[in-house]
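Everything on this sheet refers to the single structure shown next.
Protein chains in written order, with the numbering used here: chain B, 473 to 812; chain Z, 982 to 1227.
And the structure:
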């Protein structure tokens, strides 16, 4: 029997996610996949496996887990409180989770979406080429207490690596390109979008994130009778009452509310990870700059492995060095240098 | 529209990796046929760097990789293809079907019939007659898997979307606005008004062909009562039947 990770206690919004299933817009199915694709890539880099490996996405709150065999894990995305058998371990790092040990992941201390990756990945049950849940389309389901997730064959060995990441967990600047209906908004409204702060509203999920503009709703003439048109993840839709929504990875594929702009794919993780109340500032860039930014981002993601380094353990985090070593089963003390 | 206007076909970019070729700024049959036919033509071209295409009510959408297919190169290919023919007189797709989908109008199953009827200047009974007699066509799939936009309804149904979203309509909800129906494949928020309820499953992931309706199919939402609809819930198609159009 292959290795399994059992969910002893599931957080309220946990799903399996990968890079989603692109190519089905014509059926009305959006790509879906991880809300923070960079976090997916960071976990894959830590474990030395393909970016499209299925990982566990945890919104706001983690859960409690136990593996049937010694398993490599990585933790990325929104930092969450995490322990293995009561010992705090480092986020944005890979670790060895011994068979039977209890992995406890608590609430996010910043950001929204945390990720638990396993060496070999969770074994997908593919539908239209991917294993990710797409709840708004009725594909897959929220993970529940007691579920045992099959783990694929792990070809890697390295653990105890940490990755240097870009903080994207408290809002900040987000770059836009024009959308199909940007021209329908007046100069004043487009100027306001780029000068006033907008705050992330409480209402947010994998489909969309509502924003609260300081200066009230955005106005568009005749905005309620625009012909329904294709929707892209990152589009900022303005509903009839003027509320802007950033449409996220699991968005609808078409919609009739006008879109004032589209968040660059490389900045979408920053929107996904912005906690309620966080300030977001928007800025339009021209298409040429947008393509360059995406190019640079693709290169950075391809080279994430270069940002991984051995994890030097902080003795302050260890309750007792001796018990730590016993629990880790690493009496030879070679864990710290593994992975160089 | 538009057909006579010099503005269409119109090419717009959306995001960093999307190109939209629109054949009108409001729904019309020629624009819809042009969008379906132009999408089929781009698919047949098989250009490198094009990642997928789809058609919406009046547009053909192309998602591409701008790192490998520059914007200006794609735009020039699209412009050349647009000049090949008059896309507005393209034929409808082959193999179309005529569906009859049992629908409960009004009642607590579809609580916005009264307000939609008022917006259209009709009594509830007149609204039910008007909507259940209309023979509409699937113009595009979108929003959620297999979910159709259908039209075009009589002019009285040119009613706007609501200014605030309804929190949630159930799967199978028939909603109306701007002379169109949308039949919901999932439970979702919407700005359209919920006038009818069906038992159809538009997306059947385990079926060989997971999508029930296709662009070009014609549909009549025939009136039924709540008891009969309940009996049809055991059928994945919710009592819907079709005949092939010759």
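C-beta atoms are modelled at their ideal positions from N, C-alpha and C, and glycine is treated no differently.
* Asked: Measuring CB to CB, does residue 1146 (chain Z) end up less than 9 angstroms from residue 1156 (chain Z)?
  -> In this structure, residue 1146 (chain Z) keeps its C-beta atom at 9 angstroms or more from the C-beta atom of residue 1156 (chain Z).
* To do: Would you tell me roughly how many angstroms separate the C-alpha atoms of residue 639 (chain B) and residue 505 (chain B), rounded to the nearest one?
  => Going from the Cα of residue 639 (chain B) to the Cα of residue 505 (chain B) covers about 21 angstroms.
* Asked: Given a threshold of 16 other Cβ atoms within 10 Å of its Cβ, counted over all protein chains shown, does residue 1228 (chain Z) qualify as buried or as exposed?
  -> Outside the shown range of chain Z (982 to 1227) lies residue 1228 (chain Z), about which nothing can therefore be said.
* To do: State buried or exposed for residue 528 (chain B), treating a residue as buried only when at least 16 other CB atoms are found within 10 Å of its CB.
  => The residue is buried, with at least 16 neighbouring Cβ atoms inside 10 Å.
* Asked: Who are the near neighbours of residue 624 (chain B) in its chain, counting only those whose CB is closer than 6 angstroms to its CB and skipping five residues on each side?
  -> Excluding positions up to five away in sequence, the list reads 592, 593 and 595.
* Asked: In three-state terms, what does DSSP make of residue 431 (chain B)?
  -> In the structure as shown, chain B starts at 473 and stops at 812, and residue 431 (chain B) therefore has no counterpart that could be examined.
* Asked: Which partner residues of residue 1080 (chain Z) appear in the DSSP bridge assignment?
  -> Answer by DSSP bridge pairing, in chain order: Z:1200 and Z:1223.
* For chain B, find out if any of its Cβ atoms is closer than 9 angstroms to the Cβ of residue 1040 (chain Z); answer yes or no. => Yes, residue 1040 (chain Z) lies at the interface with chain B (some Cβ there is under 9 angstroms from its Cβ).
* 3-residue-minimum beta strand (DSSP E) runs that sit fully inside the region 546–633 of chain B, ordered along the chain -> List check, beta strand (DSSP E) in window: 552–556, 565–569, 574–580, 585–590 and 620–622.
* Tell me the DSSP bridge mates of residue 1157 (chain Z)? -> Per DSSP, the beta bridge partners of residue 1157 (chain Z) are Z:1162 and Z:1174.
* To do: Quick one: residues in its chain with C-beta nearer than 7 angstroms to the C-beta of residue 970 (chain Z), no 5 flanking neighbours on either side, listed in chain order?
  => As shown, chain Z starts at 982 and ends at 1227. That puts residue 970 (chain Z) outside it, with no answer to give.
* **Buried versus exposed call for residue 726 (chain B) [16 or more other C-beta atoms within 10 Å across all chains shown]** => Within 10 angstroms of the beta-carbon of residue 726 (chain B) lie 16 or more other beta-carbons, which makes it buried.
* Residues that residue 1006 (chain Z) contacts on chain B, provided the C-beta gap is smaller than 9 angstroms -> Scanning chain B for C-beta atoms nearer than 9 angstroms to the C-beta of residue 1006 (chain Z) yields 698 and 699, reported in chain order.
* **Per-residue DSSP class, three states only, for residue 499 (chain B)** => Of the three classes helix, strand and coil, the one that applies to residue 499 (chain B) here is helix, per DSSP.
* What are the boundary residues of the alpha helix (DSSP H) that includes residue 767 (chain B)? -> Counting along the chain, the alpha helix (DSSP H) containing residue 767 (chain B) begins and ends at 759–774.
* Jot down the residue ranges of each uninterrupted beta strand (DSSP E) in the region 679–766 of chain B, minimum 3 residues, whole runs only, in chain order. => You should have 680–685, 707–710, 716–719, 731–735 and 751–756.
* Is the CB of residue 1023 (chain Z) under 9 angstroms away from at least one CB in chain B? -> So, not an interface residue.
* To do: Starting from the C-beta of residue 1192 (chain Z), find all residues in its chain whose C-beta is less than 6 angstroms away, skip the five residues before and the five after it, and write them out in chain order.
  => Closer than 6 angstroms at the Cβ level, and outside the excluded window around residue 1192 (chain Z), lie 1127.
* Between which two residues does the alpha helix (DSSP H) harbouring residue 1110 (chain Z) extend? -> Element bounds for residue 1110 (chain Z): 1105–1114.
* **Span of the beta strand (DSSP E), counted from its first residue to its last, around residue 649 (chain B)** => Its beta strand (DSSP E) spans residues 644–649.
* When you check each C-beta in the region 754–785 of chain B against every C-beta of chain Z, which residues fall closer than 7 angstroms? -> Within the region 754–785 of chain B, the qualifying residues are 759, 762, 763, 766, 767 and 770.
* Asked: Residues of chain Z with a CB under 9 angstroms from the CB of residue 724 (chain B): which are they?
  -> From the beta-carbon of residue 724 (chain B), the residues of chain Z found nearer than 9 angstroms are 1123, 1124, 1125, 1128 and 1169.
* Which of helix, strand or coil DSSP assigns to residue 483 (chain B) -> It is coil, neither helix nor strand.
* **Residue range of the beta strand (DSSP E) that includes residue 1035 (chain Z)** => For residue 1035 (chain Z), the uninterrupted beta strand (DSSP E) run begins and ends at 1031–1036, by DSSP.
* To do: Starting from residue 991 (chain Z), trace the beta strand (DSSP E) both ways and give me its first and last residue.
  => It spans 991–995 - the beta strand (DSSP E) in which residue 991 (chain Z) sits, taken as one unbroken run.
* Asked: Looking only at its own chain, which residues have a Cβ that is under 7 angstroms from the Cβ of residue 1139 (chain Z), when we skip the five neighbours before and after it?
  -> Non-local C-beta neighbours of residue 1139 (chain Z) in its own chain, meaning closer than 7 angstroms and more than five positions away in sequence, comprise 1159 and 1160, ordered along the chain.
* Asked: How many angstroms separate the CA atom of residue 744 (chain B) from the CA atom of residue 679 (chain B)?
  -> Cα-Cα distance, rounded: 10 angstroms.
* Asked: In whole angstroms, what separates the C-alpha of residue 513 (chain B) from that of residue 691 (chain B)?
  -> Roughly 38 angstroms between the two C-alpha positions.
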